[in-house]
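Have a look at the structure below before the remarks.
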Amino acid sequence: MNKKKIVIGVILFLIIGLMVANWYIGNMAEMKLEDRMTKEMKEADSSFKLEYDDLTVNPILAKVTYNNLVLSDEEGTVYIYADKLTTKLSYSDLFELGKKGKLKELHTLDINLSNLNLEVYEDMVYAIDFEDIDLNFEGLIPLQHLEKEAQVFSGEKQQLSLAVNGLKLDLPIAFKEMLGSSELEQKFTEVDEISFDISYNPNKKEISIQNYKIDSPLVVANVSEVFHYSGDRLENLTIKDLSGAGDFEFRGNGMQFGEASTVGRYTLGNIKSSSEFNNNLNQRIMKEAPQDIKTAWVESWKNLGEGKADFKLEGFKVELDGQLKERLSYHPLVLMTGIDISEIALDNWEISYSIEDNNMDIDKWKLDSSIIDLDISGDLNINKDNIKLSQINDLEVRIGDLTPNMKMILKRFEMRLGQEFPSDGEDILLELSGPLGKPNIKGLDI
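Our numbering numbers the first residue of the sequence shown as -15 and each following residue consecutively.
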């Protein structure tokens, strides 16, 4: 019995000793951190002021916590507040920070921000609120070399995760009035979750972005990507390949905003898309941007990889009335085509295609609108070096629901050609084959 009492007494003594040591070391670390932050703020000669109610350091849990943190500038244009900021380091990093007040290397870092509020008072007043932000890092960052070295990637494996929950944007009054309803404002300004995981492997020269997620009333997206690279500095960094998959959804669900006679009345429909891709790029990061659209198109065509995609858009509409409609009615394009601009509807637009072994199979390219109907299907062999030399194996284009003005323009064009376009009932039907730059059209001698 006495032995049990002795063992219990020793355990209690160790626990109390550990708590006292944790309290003592924590207090010492708190004082050093506060002194260091005060010194660095003065040396930086910053216009920003940092305040907090209290700072606690827990060596056992390797945590540093700030309560009621406030960061503001002297001019009163920026105000940042958080109920709580908690940072968790590795034990070695925490003791280094407590001993010297700064770190030479960062090995792990967990950051949690609760109820973060950012307010900006400039030409327009707006605010952003976050219920919760979590950031987790594992790896090695040599902090003392960051400002000196131009090297983009280190030689150590790195992992970074970010999760943002409960984001809400408070728009300026002018934008709220333009949206016109609280339901629409909610869809445009609230995001339930944004999160992603990034991992870096220097041995494979690989960066992986996994579980990239957006969840909001208006947009839902899930994406994963992996790319490989060569080079270790911005000036010679080259992306060698890029692969991944993703899903995207826009949920307008028939919501409307705007006045038809002033800015137009808009009806938001829905969009769904999914894709898988695998591209061999060999593309430099630091290079001059293309000077014209044609050059940009040629470059994107050369980098076309393998994959498949499905896209569907439906239920979008624009309504115009009053002086706005009258003014736009005199636009040359409207006069020429005879489009009824009182209601422009994009009822349905579907695209489905796949690319494999330099062959593009267009399963569906269908457009139903108040202006024109298009239906395209077929396949072609791709020439990445010269798009004009790509070969159309079989391509069918069906055009329907033309306005009277468009039919008149088409008749004039047929008169110039001296022959009529092939048709199927009221629709124009074009069957193409041969080189993409100069295709053959069945039933036409051109």
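Just so it is clear, CB atoms sit at the ideal spot from N, CA and C, and this is done for glycine as well.
Judged by DSSP secondary structure, Ser166 falls within the alpha helix (DSSP H) whose first and last residues are Ser166 to Thr173. Here Gly228 carries a strand assignment [DSSP, helix/strand/coil]. For the segment 250 to 331, the continuous alpha helix (DSSP H) assignments of 4+ residues that do not extend past its boundaries occur at 277 to 286, 306 to 313 and 316 to 321, in sequence order. Residue pairing from DSSP places Lys33 in a beta bridge opposite Ser56. For the pair Gly421 and Asn367, the Cα-to-Cα distance works out to about 11 Å. For Asp294, the CB contacts under 6 Å within the same chain, skipping 5 residues up- and downstream, are Ser258 and Ser336 in chain order. Between Leu55 and Leu97 a beta carbon distance of about 12 Å is seen, past the 8 Å cut, so the two are scored as non-contacting. Cβ-Cβ distances below 7 Å link Glu398 to Glu404 and Phe405 in the same chain, with the five nearest sequence neighbours on each side left out; the list follows chain order. Annotation: Glu398 is outside any beta strand (DSSP E); the continuous alpha helix (DSSP H) that includes it extends over Pro388 to Leu401.
If you compare the alpha carbons of Ser31, Pro201, Lys47 and Asn52 with that of Asp37, the shortest gap goes to Asn52. Around Gln267, the same chain offers Thr222, Ile223 and Asn287 as residues with beta carbons nearer than 7 Å, after the five sequence neighbours per side are excluded. Within 10 angstroms of the beta-carbon of Thr246 lie fewer than 16 other beta-carbons, which makes it exposed.
Taking a contact to require three or more Cβ pairs closer than 8 Å, the segment 310 to 327 and the segment 342 to 353 do not qualify as touching. Here DSSP, grouped into helix, strand and coil, assigns Leu127 to helix. Secondary-structure assignment with DSSP links Val148 through a beta bridge to Ile117 and Ile178. Looking only at Ser145, Gly228 and Ile360, the smallest Cα-Cα distance to Leu414 is reached by Ile360. Looking at the backbone, the Cα of Asn377 and that of Pro423 are separated by about 10 Å. Listed as beta-bridge partners of Thr40 by DSSP are Thr49. In the three-state reduction of the DSSP assignment, Lys372 falls in the helix class. The beta-carbon distance between Ile325 and Ser313, rounded to whole angstroms, is 6 Å. This is short enough to meet the 8 Å contact definition.
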